[in-house]
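Peer 1: First to last, the sequence lines map onto chains H and X.
Per UniProt numbering, residue 1 is the first one in the first sequence, and the count goes up by one each step.
Per UniProt numbering, residue 1 is the first one in the second sequence, and the count goes up by one each step.
The beta carbon of each residue, even a glycine, is placed where N, CA and C say it ideally should be.
Could you have a look at this structure, given as structure tokens, before my questions?
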Amino acid sequence: MNDSEQTAQISEEGEVGIVEYQDFVSTEPFHFESGGSIPELRLRYETYGHLNEAKDNAILICHALTGDHHCAGVYSMDERKPGWWNFMIGPGKPINTSEYFVICSNALGGCQGSSGPGSINPETGKPYNLDFPKLTVRDMVRAQSQLIDSLGIDRLHAVVGGSMGGMQTFQWAIDYPDRVGRYIALACAARHNAQTIAFNDTGRQAIITDPGWQNGNYTAENGPDQGLAVARMMAHITYLSDVGLEHKFGRKRRASAKEHFDIEFEVESYLRYQGQSFVTRFDANSYLYLTKALDRFDLHAPESLDDTLSGVTAPGLVVGFTSDWLYPPQGNRELVESLLRLGKDASYAELAMDYGHDSFLVRAPKLYDLIRRFLHR
Amino acid sequence: MHPKNPKKRQADFQVIARWVNKGERVLDLGCGRGVLLEYLKQTKGVYGVGVDIDFDKILSCVKRGVPVYQGDVNEVLASFQDNAFDRVIFSRTVEQFDAPDATLREGLRVGKRVTVGFVNHGFWKNRLNKAVWGRRTVNEVYPNPWHASMPANPFSVAEFEDYCQIKEISIGKRVYLAGDWRSEGTLFPNLLAGYAIYDLASSN
């Protein structure tokens, strides 16, 4: 035995290049955990790499609250911004598309092409809005499992996700132990703490009290844009850290402020831009449904965390980030502590990064190394 | 940093493997790169969990397929119920704890048995280095000078056995390795043992 470490083998890195999304449609009614159903299920998804003959090299990526199915590549060569996890996914990258077949779907309840409050109810020809059934993380995962079925995949090599994606990842390991080869959950939690629920509800109130919301029956032209923008501004702060914000903006000012409450500080400009651009890509009702699903997610219920995790069989890796105050390291650690109490194969790693909850979305060679190794072990 | 003598680094492996039963649940506190756990998994089929504070060590454990937890030993111990593991291993880590007594007792609570391996600072060469040269021993396993090392709280075979007696910790088995950390011996261990390994249990 030699204790010296070989550096991980890194093949030439490349890009997945131009990608297209696809739609999975099931015309069977989809029944929700909390009651209610929709007559058909639609999930928008993308895939990268090739499914091998044995169909055992598939990795499912689960996105965060406001993420989507577009996690790698670009839609055209003119597009400046690639998918949200392009650092991580591609030929020779940590989630190596030369080796693995990577799947990412827009979550059920989302607004980027999957069935959600904003999609059209085929029975009425109108958007569901608040007639969309109450949503849980378990519903999202069950919808994904139907997509995986449709691709002819029995067992996934891995399920990987951060934040809400991490919760889905755990739900996969709990609900489908025979279909998950291993799982990686980043910046995750077994349940929201009071502070996180408080932030989410403040965001929801900003939307609901916007006159444009109209009890959920708004139109594309007259939605609760101000409320949604404010919800996003506040949530965005919780995704970063004080150190990160200070480093990026400090007290830098803009010269142009004339009126008393004009944008004066750079950080104000940044957040207002984040709020405004969010309105153009996200649906307010989806935001309400998804945040509520996350607030209700609770692996400590109905019995205990140990009880909920007792059926997990796949090896798991959980990664916490020191500056994450939304899903703090302690909440990540308790998941692994429970798994280890149960005698499961589980590991916990912690990265010291300044980017807060969003650290898992940032270029981080140490994280790449960890994920690469775990997928290969 | 490449050890000149990996054998010395793994001094206690064979002894610990001898004591571990097949399929035991083992917790290795301060597991480093997970080499011992990998060895115990291969030779004894144990369910082994490592704990270490350093991210690079965690990376190595993940690569070896050893379940590992990055964090503080005391915090991890607190999360386990009594007798959660058949054996808790402290291999060259007791010297680095802030409160060795409290941590060892937690180890005895969580593990049915506890294995402790440590460098005997009563070993004649270590004494000589201090007494004659006024310097501490630097070797393959501890190659760094004081200013590049973790704080350590060195102790001797005699001191450790006194401790076990006072705290009513029963010593099941013990092995003393000579100055080369290989050959076993029993004569005047506080003077002649370079390395000592103990198998402990709570007396009550």
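#1: Less than 8 Å between CB atoms is the rule here; does SER149 of chain X satisfy it with respect to chain H?
#2: Hey, out of X:ARG182, X:LEU200, X:ALA196, X:ASN153, whose CA is closest to LYS8 of chain X's CA?
#3: Between which two residues does the beta strand (DSSP E) holding GLN70 of chain X run?
#4: Could you name the residues of the same chain whose beta carbon sits closer than 6 Å to that of THR47 of chain H, not counting the 5 residues immediately before and after it, in chain order?
#5: Out of curiosity, what's the CA-to-CA distance linking TYR176 of chain X and VAL157 of chain X?
#6: Could you tell me how far apart the beta carbons of VAL110 of chain X and PHE85 of chain X are, in whole angstroms, since I believe they sit closer than 8 Å?
#7: Looking at C-alpha atoms only, which residue of X:THR93, X:GLU140, X:ILE16 is the closest neighbour of LYS173 of chain X?
#8: Determine the DSSP secondary structure at ALA196 of chain X, reduced to helix, strand or coil.
#9: Can you list, in chain order, the residues of the stretch 332 to 355 of chain H whose Cβ is nearer than 9 Å to any Cβ on chain A?
#10: If you draw a straight line from the C-alpha of ASP3 of chain H to the C-alpha of ARG33 of chain X, how long is it?
#11: What residues from the stretch 52 to 75 of chain X come within 9 Å of chain H, judged by C-beta to C-beta, listed N to C?
#12: Does ASP307 of chain H get closer than 8 Å to chain X when you measure Cβ to Cβ?
#13: Report the CB separation of PHE360 of chain H from LEU108 of chain H in whole angstroms; it is logged as a contact under 8 Å.
#14: Since GLU46 of chain H is in the beta strand (DSSP E), which residue starts that stretch and which ends it?
#15: Once DSSP output is grouped into helix, strand and coil, what is the label at ILE10 of chain H?
#16: With distances taken Cα to Cα, identify the nearest neighbour of LYS22 of chain X among X:THR186, X:ARG87, X:VAL51.
#17: Interface residues of chain H around ARG25 of chain X at Cβ under 9 Å?
#18: From what residue to what residue does the alpha helix (DSSP H) around GLN165 of chain X run?
#19: Have a look at the DSSP bridge pairing and note the partners of GLN22 of chain H.
#20: Checking contacts by CB at 8 Å: is residue 380 of chain H closer than that to chain X?
#21: Start and end of the alpha helix (DSSP H) containing CYS61 of chain X?
#22: Say whether chain H places a C-beta atom closer than 8 Å to the C-beta of ALA11 of chain X.
#23: Flag LEU367 of chain H as yes if its beta-carbon sits less than 8 Å from any beta-carbon of chain X, otherwise no.
#24: Taking 8 Å as the threshold (C-beta atoms), are ASP354 of chain H and HIS247 of chain H in contact?
#25: Which same chain residues end up closer than 8 Å to PHE55 of chain X when comparing Cβ atoms and leaving out the 5 residues on each side of it in sequence?
#26: Check the Cβ of TYR47 of chain X against every Cβ in chain H and list those closer than 8 Å, keeping chain order.
#27: Can you give the Cα-Cα distance for ALA198 of chain H and ALA64 of chain H, rounded to whole angstroms?
#28: In angstroms, rounded to a whole number, what distance separates the CA positions of MET140 of chain H and GLN168 of chain H?
#29: Taking ARG377 of chain H as the query, report the chain X residues whose CB atoms sit under 8 Å from its CB, ordered along the chain.
#30: List the endpoints of the continuous alpha helix (DSSP H) containing GLY166 of chain H.
#31: Should ASN120 of chain X go down as buried or exposed, given a rule of 16 or more other Cβ atoms within 10 Å for buried?
#32: Nearest-angstrom Cα distance between VAL49 of chain X and VAL76 of chain X?
#33: For ARG191 of chain H, which residues in chain X fall below 8 Å Cβ to Cβ?
#34: Of the residues X:HIS147, X:VAL73, X:ALA131, which one's Cα is nearest the Cα of THR103 of chain X?
#35: Determine which residues of the stretch 79 to 98 of chain X have a Cβ less than 8 Å from any Cβ of chain H, and write them out in chain order.
#36: Any idea what DSSP makes of residue 210 of chain X, helix, strand or coil?
Peer 2: Quick look at the numbers:
#1: no
#2: X:ARG182
#3: 68 to 70
#4: ILE103
#5: 9 Å
#6: 6 Å
#7: X:ILE16
#8: strand
#9: As a matter of chain content, chain A is missing from the structure shown, whose protein chains are H and X.
#10: Summary for ASP3 of chain H: the model assigns pLDDT 40, below 50, so the residue's position carries little reliability, and this model does not support an answer.
#11: PHE55, ASP56, ILE58, LEU59, SER60, CYS61, VAL62, LYS63, ARG64, GLY65, VAL66, PRO67, VAL68, TYR69, GLN70, GLY71, GLU75
#12: no
#13: Actually they do not touch by this definition, with Cβ atoms about 22 Å apart.
#14: 41 to 48
#15: Interpretation of ILE10 of chain H is limited by its pLDDT of 46, a score under 50 that renders its predicted location unreliable; the figure taken from the coordinates is listed afterwards. Residue state, collapsed to three classes: coil.
#16: X:ARG87
#17: GLY343
#18: 157 to 166
#19: H:TYR45
#20: Here chain H covers residues 1 to 377 and nothing more, so residue 380 of chain H does not appear.
#21: 55 to 64
#22: no
#23: no
#24: yes
#25: GLN70
#26: GLY343
#27: 19 Å
#28: 7 Å
#29: VAL62, LYS63, ARG64, GLY65
#30: 164 to 175
#31: buried
#32: 11 Å
#33: Per Cβ cutoff of 8 Å: no residues; ARG191 of chain H is ~17 Å from chain X at best.
#34: X:VAL73
#35: SER79, PHE80, GLN81, ALA84
#36: Nothing can be reported for residue 210 of chain X, as the shown portion of chain X is limited to 1 through 204.
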